[in-house]
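K.L.:
For the sequence shown, my numbering gives the first residue as 169, with consecutive numbering after it.
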Amino acid sequence: MFLGDGDSVKVTQLDEELGHVGLAQPGSPKLINSLLENGYLPVVSSIGVTDEGQLMNVNADQAATALAQRWARI
169 MFLGDGDSVK VTQLDEELGH VGLAQPGSPK LINSLLENGY LPVVSSIGVT
219 DEGQLMNVNA DQAATALAQR WARI
């Protein structure tokens, strides 16, 4: 899966001059929680999508941090 699936991580473009590079923010934990509860181990790529539908490359450490921040609030 990728960061945009289930709105798991919100992504915005970091800087237009950098091209398709995105900044990750926590999104919804519902899809990943559902997968985990049903015995699946989600593998998430660090490709995100903006609200406008543009694919963005996201630093994998930032993507993992955004996912972890959302789970910490549950």
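Quick reminder that beta carbons are idealized off the backbone N, C-alpha and C, glycines included.
With N201 as the anchor, note down where its beta strand (DSSP E) starts and where it stops.
P.N.:
By one-based count along the sequence shown, residue 201 stands at place 33. It is not in any beta strand (DSSP E) - N201 instead sits in the alpha helix (DSSP H) that spans 198 to 205.
K.L.:
For the beta strand (DSSP E) holding M224, just list the boundary residues, first then last.
P.N.:
One-based indexing of the sequence shown puts residue 224 at position 56. M224 -> beta strand (DSSP E) spans 223 to 226.
K.L.:
Measure the alpha-carbon distance for F170 versus E185 and round it to whole angstroms.
P.N.:
As a working note, residue 170 is residue 2 in the sequence shown. As a working note, residue 185 is residue 17 in the sequence shown. Taking the straight line joining both Cα atoms gives about 24 Å.
K.L.:
May I have the straight-line CA-CA distance separating P210 from L204, to the nearest angstrom?
P.N.:
Numbered from its first residue, the sequence shown carries residue 210 at position 42. Numbered from its first residue, the sequence shown carries residue 204 at position 36. So the two alpha carbons sit approximately 7 Å from each other.
K.L.:
According to DSSP, simplified to helix, strand and coil, what is L191?
P.N.:
Reading the sequence shown from its first residue, position 23 is the one you call residue 191. The answer is strand: DSSP assigns L191 an E or B state.
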